[in-house]
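*Asks:* Okay, here's the structure, questions in a sec.
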Amino acid sequence: AVDLYEDFLPWCQRSEIIRRYPDGSFDAELEIGFKFLVESYVSHVVLNRPKLIKTTSSESKLFEHLINIWEFSPGPTPDTCNVYFLVDFKFQSPLYRQVASMFFKEVVSRLVNSF
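Under UniProt numbering, think of the first position of the sequence shown as 1, with each following residue one higher.
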C-alpha cells in the first residue's frame, strides 16, 4: 500500500494517495530524502492486477521524467513469481544526476529487495 511506503522503502519519508480515478488508477505524492537532499513528486499509478504496475512522473521539480514498470508472471513453483522491473528517469538537477550516478545500483537493489 502506497500509504505505507515510508515504513519500508529506503529514502521514502512520506507517501500519500492524493487522487483516485474511476479507472482504478491514482496519483500518489512521495517525499524522498537522501542525506541533505529532500524533494517530493507526484506519480500517476496504473494497476493491472495481478500482472502490472506502471508509475509515471513528468513535469515535476525533481524529475524531467520517471517511469517504473513492474511486471509479474507465474514462477516455476507454487506461490512464487518472476518479476521484471524497469526504471527510466532523468533528474532535473545536475547535482541530483551526479548523486544518482554514484548510488544508482544501491538504490535499485534496495528498492527491489523492499518488495
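C-beta atoms are modelled at their ideal positions from N, C-alpha and C, and glycine is treated no differently.
A quick note: this is a predicted structure, and the numbers were derived from the prediction, not measured.
What does the alpha-carbon distance come out to for the pair Arg49 and Phe34?
*Replies:* What you label residue 49 is simply residue 49 of the sequence shown in a count that begins at 1. What you label residue 34 is simply residue 34 of the sequence shown in a count that begins at 1. One C-alpha to the other measures close to 31 Å.
*Asks:* Should Thr77 be flagged as near chain D, meaning a C-beta pair shorter than 8 Å?
*Replies:* The question asks about chain D, but that chain is absent: this structure has only one protein chain.
*Asks:* Under 8 Å by Cβ, that's how I've got Asp23 and Val42 pegged, so tell me the actual separation to the nearest angstrom.
*Replies:* Position 23 of the sequence shown holds residue 23. Position 42 of the sequence shown holds residue 42. Not quite, the Cβ-Cβ distance comes to about 17 Å (not below 8 Å), so this is no contact.
*Asks:* Give the straight-line distance between the Cα atoms of Ser58 and Ser40, rounded to the nearest whole angstrom.
*Replies:* Within the sequence shown, the letter at position 58 stands for residue 58. Within the sequence shown, the letter at position 40 stands for residue 40. Each residue's alpha carbon lies about 13 Å from the other.
*Asks:* Figure out for me which residue from Ile32, Leu4, Ser73 and Ser15 has the closest Cα to the Cα of Tyr96.
*Replies:* Stepping through the sequence shown from its first residue, residue 96 is reached at position 96. Of the candidates Ile32, Leu4, Ser73 and Ser15, the one whose C-alpha sits nearest the C-alpha of Tyr96 is Ile32.
*Asks:* Let me confirm a value: Thr55 is counted as buried when at least 16 other C-beta atoms fall within 10 Å, else exposed. Which label applies?
*Replies:* In the sequence shown, residue 55 corresponds to position 55, counting from 1. By the neighbour-count rule (16 or more Cβ atoms within 10 Å), Thr55 is buried.
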